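Those protein sequence lines, which keep their order, are chains V and P.
Using this note's numbering, you'd call the opening residue of the first sequence number 1 and step up by one each time.
Using this note's numbering, you'd call the opening residue of the second sequence number 312 and step up by one each time.
Here a beta-carbon is modelled for each residue, glycine too, at the ideal position from N, C-alpha and C.
All of these numbers come straight from a predicted model, not from anything done at the bench.
The structure under discussion appears below in the form of structure tokens.
Number of protein chains: 2
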Amino acid sequence: VRLIDQRRLPHRLEIVEARTVDELCELIVALAVRGAPALGAAGALGVALASATDEDLAGAAARLVATRPTAVNLAWGVQRALDADDPVAEALRVADEDVERNRRLGDHGASLLPADGNVLTHCNAGSLACVGWGTALGVIRSAVEAGRRLHVWVDETRPVLQGVRLTAWELEQLNIPYTVIPDVLAASLLASGEVDAVVVGADRIAANGDVANKVGTYGLAVVAARHRVPFHVAAPVSTVDPACPDGAAIAVERRDPAEVLELAGARLAPVGARAENRAFDITPGELITRYVTETGVWSSVAALLAGSGSA
Amino acid sequence: VRLIDQRRLPHRLEIVEARTVDELCELIVALAVRGAPALGAAGALGVALASATDEDLAGAAARLVATRPTAVNLAWGVQRALDADDPVAEALRVADEDVERNRRLGDHGASLLPADGNVLTHCNAGSLACVGWGTALGVIRSAVEAGRRLHVWVDETRPVLQGVRLTAWELEQLNIPYTVIPDVLAASLLASGEVDAVVVGADRIAANGDVANKVGTYGLAVVAARHRVPFHVAAPVSTVDPACPDGAAIAVERRDPAEVLELAGARLAPVGARAENRAFDITPGELITRYVTETGVWSSVAALLAGSGSA
């Protein structure tokens with residue numbers, strides 16, 4: 001399994017290779033590959049790798065799913081490959097479908113963005129988070145392709161900095177105007193009318209509409225609601241977990257405090273400092289204006305499931 | 312004028328010296344000294360330095376005030392030294408008064424904190440931001456000294472990281488339990504009941520109660536209000552600017568984008584990236600539970616001014 005090593009971006013575009021499921025699991029934990037839809041494809045490819053190398057499929061699947069507890073797409077991709085007669089062919093199908101699915105999602109969501117204005121996004125829900133095109137960033141790309149003139153505020157997204165490293169890199173490649181901001185500036189921009197819409201991705205969507213996404217999403221949604229700025233969540237239908245009743249039932253991954261206390265090998269904090277590092281937070285459905293999927297634009301998850309044939 | 316070089320913390324405690332007003336202005340712009348009350352003392356000492364070196368006082372005062380447009384204390388300290396017959400003696404008085412004033416402020420504010428619980432603070436409003444004791448951190452110190460058992464959530468405070476570098480360093484010295492968090496985690500902690508109170512400092516308080524403070528304060532206040540977590544602002548009376556009607560009249564300093572795009576000399580962003588770097592934001596008075604000053608605890612700025620003999 002070959003993938004872009006996202007830890008090296010934006011400075012170097014390198015491909016890294018996993019020859020065993022354990023190597024792939026290490027790459028997933030280290031965030032060489034991340035983003036809910038990309039994890040779906042990685043999970044399916046992991047089962048394909050186990051099948052190609054005659055590893056025990058059930059054991060490989062369990063190890064893959066355990067790497068990241070919050071994103072439901074990982075388990076979904078693993079299951080699709082497990083359920084297939086030919087895991088390798090199915091994994092390639094999962095990966096191929098992703099791009100076309102995100103294109104449809106982007107086209108549906110483009111209509112939510114202004115003809116001319118400022119859109120804010122958090123973390124990276126672009127090509128790098130998927131196999132291609134992107135979800136939240138896919139909506140922005142589709143809108144720009146359709147002639148809308150957008151400028152993107154890019155939350156830097158502490159602690160792992162997916163915004164300034166990955167989203168900025170993608171927008172630079174795409175020649176879409178953008179400005180990086182510290183996450184803490186977003187609230188003032190929302191207050192001053194400098195943001196016309198917020199679009200983010202999702203790692204899991206509960207049956208009641210609550211959304212788990214990168215930590216920082218919740219605060220953004222609260223401030224957007226105060227200023228009546230539309231707050232949209234863009235994700236494939238596979239991100240919805242109908243078995244999960246609400247946000248309280250979603251396990252939030254805790255990661256290494258070193259991601260907060262150090263940066264690029266340099267220590268930021270004094271000796272002795274501890275840090276709390278939760279990778280995700282939960283945004284209640286009441287704060288979400290629209291859910292955008294490959295099947296359409298939805299005002300609730302109930303409508304989404306009914307309209308997507310997944311209820 | 313000798314001061315702690317805050318750019319070197321938490322790794323090295325170094326003293327830096329300014330021999331001219333221009334050298335002091337450079338140190339202020341570079342954030343070697345920062346924090347509203349400390350800037351008040353630095354401003355007064357700058358005028359004293361001009362007087363001791365026979366520089367033009369009015370010109371020196373204007374250059375000092377222009378270094379940081381948001382914190383009103385800087386202009387206040389400069390004016391106190393300018394108005395005095397002996398600027399040197401007056402500047403030393405401004406500095407000496409600061410510690411005693413913050414002690415009184417801390418003692419008033421301590422009663423607002425729980426007997427046992429979690430307090431969250433943003434940026435650094437500790438000893439380093441003052442001449443001594445601190446304002447927001449002074450309230451926490453006074454409460455701990457009075458026997459309250461507190462744990463402090465320390466917002467790292469992007470982009471200059473005053474929380475993880477300075478507040479964590481002070482709490483480490485004081486042996487007060489604390490945990491550093493990425494700023495984006497604060498909203499979830501407020502939502503989950505893991506924060507009993509928020510205490511921050513201020514750089515300018517308008518007559519209507521609006522507060523300019525480190526960028527990120529506004530978003531924190533919005534989320535705290537949603538979860539009915541008390542949100543207190545601790546600052547000396549000199550931070551109130553009765554001539555300033557409201558937050559819209561406060562100039563918010565824009566700083567070098569490199570503070571966002573680089574860290575410790577390492578580039579975070581791709582080549583070509585731009586960033587927006589506003590150092591402060593405005594929190595409307597309606598979101599502030601109590602104002603804590605050396606004269607007491609106040610529910611409004613009108614009451615504060617009347618009760619402090621400054622109306």
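What residues in the segment 188-214 of chain V have a beta carbon less than 7 Å from any beta carbon of chain P? Correct list: S188 and A191.
Quick one: residues in its chain with C-beta nearer than 7 Å to the C-beta of I561(P), no 5 flanking neighbours on either side, listed in chain order? Hits under 7 Å: T381, R515, A517, A523, C555 and I593.
DSSP three-state assignment for A622(P), whether helix, strand or coil: Its pLDDT being 44, under 50, A622(P) is placed unreliably in this model, and the value from its coordinates should be taken loosely. Of the three classes helix, strand and coil, the one that applies to A622(P) here is coil, per DSSP.
Hey, quick one: how far does the beta strand (DSSP E) through A545(P) stretch, first residue to last? First-last of the beta strand (DSSP E) with A545(P): F542 to A545.
Name the residue from L385(P), H419(P) and R585(P) whose alpha carbon lies nearest to the alpha carbon of A406(P). Nearest option by C-alpha distance: L385(P).
Is it buried or exposed for A569(P), if we count other Cβ within 10 angstroms and need 16 for buried? Around the beta carbon of A569(P), a 10 Å sphere encloses fewer than 16 other beta carbons of the protein chains shown; the residue is thus reported as exposed.
From N519(P), V526(P) and V603(P), residue whose alpha carbon lies closest to that of V495(P): Nearest in C-alpha terms to V495(P), of all of N519(P), V526(P) and V603(P), is V526(P).
Can you name the residues of chain P whose CB is closer than 8 Å to the CB of W298(V)? Against chain P, a Cβ distance below 8 Å from W298(V) picks out nothing, because the smallest value is about 24 Å.
Interface flag, V548(P) vs chain V, CB-CB below 8 Å: Nearest CB-CB separation between V548(P) and chain V: not below the 8 Å threshold.
Sequence-distant residues of its chain with Cβ nearer than 6 Å to L45(V) (five each side left out): Excluding residues within five positions, the ones whose Cβ falls inside 6 Å are V1 and A91.
Any C-beta of chain P sitting closer than 8 Å to the C-beta of L305(V)? No, because no Cβ of chain P sits closer than 8 Å to the Cβ of L305(V).
Beta-carbon within less than 7 Å of P87(V)'s beta-carbon, same chain only, minus the 5 sequence neighbours each way: which residues are those? Closer than 7 Å at Cβ, skipping near neighbours: V47, A48, S51 and A81.
Less than 8 Å between CB atoms is the rule here; does E172(V) satisfy it with respect to chain P? Output row for E172(V): interface = yes.
Does the distance from the CB of I176(V) to the CB of V154(V) come in under 8 Å? Contact: no.
Just checking: is the beta-carbon of P159(V) within a distance shorter than 8 Å of some beta-carbon in chain P? Contacts with chain P at 8 Å (Cβ-Cβ) include P159(V).
Once DSSP output is grouped into helix, strand and coil, what is the label at N524(P)? Per DSSP, reduced to three states, the secondary structure at N524(P) is strand.
Could you check the C-alpha separation between R226(V) and L500(P) for me, to the nearest Å? Between the C-alpha atoms of R226(V) and L500(P) there is a straight-line separation of about 19 Å.
To the nearest angstrom, report how far apart V340(P) and E334(P) are at their CA atoms. Cα to Cα, the separation comes out at about 10 Å.
Kindly indicate if chain V contains any beta-carbon less than 8 Å away from that of G346(P). Chain V, which has no Cβ nearer than 8 Å to the Cβ of G346(P), makes this no.
Would you check if the segment 10-23 of chain V and the segment 136-150 of chain V touch, i.e. whether three or more CB-CB distances between them fall below 8 Å? Flag = no, the segment 136-150 of chain V and the segment 10-23 of chain V do not touch.
Is the Cβ of G134(V) closer than 8 Å to any Cβ of chain P? The beta carbon of G134(V) sits no closer than 8 Å to any beta carbon of chain P.
Straight-line Cα distance separating A369(P) from Q473(P): Each residue's Cα considered, the two are about 32 Å apart.
Considering only the beta carbon of each residue, do G346(P) and V389(P) sit closer than 8 Å? Not closer than 8 Å, so no.
Host beta strand (DSSP E) of D407(P) (start-end): No beta strand (DSSP E) contains D407(P), which is instead part of the alpha helix (DSSP H) from P398 to A421.
Please compile the residues from chain V whose C-beta is within a distance smaller than 7 Å of the C-beta of G527(P). Here the neighbours are V184.
Evaluate R63(V) with the Cβ neighbour count: other Cβ atoms within 10 Å of its Cβ, from every protein chain shown; 16 or more gives buried, anything less gives exposed. R63(V) counts as buried, since no fewer than 16 other beta carbons sit within 10 angstroms of its beta carbon.
Roughly how far, in whole angstroms, is the beta-carbon of W133(V) from the beta-carbon of G106(V), given that I think they are within contact range, below 8 Å? So it is a contact: roughly 6 Å between Cβ atoms.
Please name the residue in R318(P), V383(P) and F542(P) whose C-alpha comes closest to that of L424(P). Residue nearest to L424(P) within the set R318(P), V383(P) and F542(P) is F542(P) (criterion: CA-CA distance).
How many Å lie between G583(P) and E172(V) at the Cα? For G583(P) and E172(V), the distance between alpha carbons rounds to 7 Å.
Measure the CB-CB distance between R476(P) and L305(V) and report whether it falls below 8 Å. Cβ distance not < 8 Å, so R476(P) and L305(V) don't count as in contact.
Please report how far the alpha carbon of Y382(V) lies from the alpha carbon of L120(V), in whole angstroms. Absent from the structure is residue 382(V), since the part of chain V shown begins at 1 and ends at 311.
Cutoff 8 Å: A269(V) Cβ touching any chain P Cβ: It does; some Cβ of chain P falls within 8 Å.
Against chain P, does I4(V) count as a neighbour if the rule is that its beta carbon must be under 8 Å from one of theirs? By this cut-off, I4(V) is not an interface position.
Does DSSP classify A266(V) as helix, strand or coil? The answer is strand: DSSP assigns A266(V) an E or B state.
Interface residues of the segment 253-265 of chain V facing chain P [CB-CB below 7 Å]: Taking 7 Å as the Cβ-Cβ cut-off against chain P, the residues of the segment 253-265 of chain V that qualify are V260, L261, L263 and A264.
Option nearest N102(V) by Cα separation, candidates A187(V), P37(V) and D5(V): Of the candidates A187(V), P37(V) and D5(V), the residue whose Cα lies closest to the Cα of N102(V) is P37(V).
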